[in-house]
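Heads up: the structure comes next, in structure tokens.
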Amino acid sequence: MKKILIIEDDKNLNKGLSIALNKDYEVFSVNTISEAKNFIDDADLILLDMNLPDGDGLEIIKYTRQNSSIPIIVLSAIDLEAYIISAINLGADDYLTKPFSLGILEAKIKRAFEKIAPSNLNLYKKDGLDFNFNENTFYVDNKNIDLTRTETKILYYLIKNKSQVITKELLFDFVWGIDDEFIDQNTLSVNISRIRNKFKPYDPIETVFGVGYKWNF
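Taking our numbering, the leading residue of the sequence shown gets 89, the next gets one more, and so forth.
Given below as structure tokens:
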């Protein structure tokens with residue numbers, strides 16, 4: 089069973105979330121940053137409040153991203169655009185402003201787990217390309233290639249839907265999970281370009297002008 093760590097100092101909300109999510113997940117909860125650091129390594133997903141008694145939730149995002157790519161969903165009353173962007177840039181996967189719908193939160197949790205569970209696409213091997221999404225290992229002509237977390241998500245989604253044209257909007261939604269207004273429109277094309285450079289001499293990603301991209305290999 090997937091494990092969810094709730095970091096929330098509002099005891100009523102913390103308890104309510106724990107009860108609601110406990111039917112589908114193993115839930116453990118804390119109230120402070122110092123407590124959270126003892127549980128992060130065991131968690132599969134984090135629900136994170138930002139205003140905590142011993143500091144800012146941004147600290148937890150930075151701390152977690154040093155060693156882990158587990159999903160982080162921020163739950164916060166702070167709705168300032170600059171703050172939301174800071175959280176996302178540090179590595180938050182999604183951001184919900186309080187008050188929020190439990191149904192929406194549950195849908196976002198389910199979606200986050202689907203992103204990191206490749207299902208039937210654990211392995212991809214063709215010619216000189218050899219990818220293992222479970223182990224996050226990627227080889228081009230037997231050479232190990234380092235991909236960022238964002239590049240891995242893009243690659244996974246394109247291969248999962250190989251031979252189909254994937255619109256830029258679908259990729260944005262899958263990779264960042266937030267409204268496009270918070271992401272520079274060049275970000276996707278920059279990441280695609282980096283993937284192409286890393287996969288040379290192969291060129292498996294086709295640009296479909298005005299629409300999006302297609303894995304064509």
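Heads up, the beta-carbon is just placed ideally off N, CA and C, and yes, glycines get one too.
What is the DSSP secondary structure of residue i, counted as helix, strand or coil?
| i | result |
| --- | --- |
| LYS223 | In the sequence as displayed, the identity of residue 223 is Glu instead of Lys. Here GLU223 sits in coil by DSSP. |
| ILE332 | The question about residue 332 has no answer, for the chain in this structure spans 89 to 305. |
| ASP261 | helix |
| ILE166 | coil |
| GLU294 | strand |
| GLY179 | coil |
| ASN186 | Just to set this straight, residue 186 is Lys in the shown sequence, not Asn. Residue state, collapsed to three classes: coil. |
| LYS250 | coil |
| ASN274 | helix |
| ASN208 | Residue confidence is low: ASN208 scores 49 on pLDDT, short of 50, so the model does not pin down where it sits. Its coordinate-derived value is still stated next. In the structure shown, ASN208 sits in coil (DSSP, three-state: anything other than H, G, I, E or B). |
| LYS203 | helix |
| PHE173 | A small correction: the amino acid at residue 173 is Ile; Phe does not occupy that position in the sequence shown. ILE173 falls in the helix class under three-state DSSP. |
| LYS288 | coil |
| ASN100 | helix |
| LYS302 | strand |
| GLY145 | helix |
| LYS90 | coil |
| ASN155 | coil |
Taking Cβ to Cβ, would you say residue i is nearer than 7 Å to residue j?
| i | j | result |
| --- | --- | --- |
| GLY300 | ILE254 | yes |
| LYS226 | ASN210 | The identity of residue 226 in the sequence shown is Phe, whereas the question assumes Lys. No, they are not a contact pair. |
| GLY143 | ILE176 | no |
| PRO159 | ALA200 | yes |
| ASN102 | ILE92 | no |
| LYS196 | ASP132 | no |
| ALA124 | ILE149 | no |
| ASP167 | THR185 | yes |
| TYR183 | ILE192 | no |
| VAL228 | PHE287 | yes |
| SER156 | ARG237 | no |
| LEU258 | LEU276 | no |
| ASP97 | PRO141 | yes |
Tell me which residues share the same chain as residue i and place their Cβ nearer than 8 Å to its Cβ, disregarding the 5 neighbours each side in the sequence.
| i | result |
| --- | --- |
| LYS213 | PHE219 |
| ILE283 | LEU235, GLU239, ILE242, LEU243, ILE293 |
| ASN208 | Because ASN208 sits at a pLDDT of 49, beneath the cut-off of 50, its placement in the model cannot be relied upon, and the following sentence gives the value as read from the coordinates. The answer is none, since no qualifying residue turns up. |
| ASN249 | TRP303 |
| VAL296 | VAL253, LYS302 |
So, at 6 Å on beta carbons, what are the nonlocal neighbours of residue i in its own chain, with the 5 sequence-adjacent residues on each side left out?
| i | result |
| --- | --- |
| TYR245 | PHE262 |
| ILE247 | TYR212, TRP303 |
| LYS203 | none |
| VAL118 | ILE95, ALA124 |
| VAL278 | none |
| GLU114 | MET89, LYS91 |
Report all residues from its chain with a CB closer than 7 Å to the CB of residue i; omit the five preceding and five following residues, and keep chain order.
| i | result |
| --- | --- |
| LYS256 | LEU276, GLY300 |
Taking only beta-carbon atoms, is residue i less than 7 Å away from chain C?
| i | result |
| --- | --- |
| ASN139 | Judged by its chain identifiers, the structure shown contains no chain C, having just a single protein chain. |
Item to check | Stretch-stretch touch, CB-based, cutoff 8 Å, three pairs: the segment 129-139 with the segment 156-167 | outcome: Taking 8 Å as the limit for Cβ pairs, the verdict is that the segment 156-167 does touch the segment 129-139.
Next on the checklist: Quick check for students: name the residue ranges of the beta strand (DSSP E) that lie wholly in the segment 104-132, counting only runs of 3 or more.
Outcome noted: 114-118
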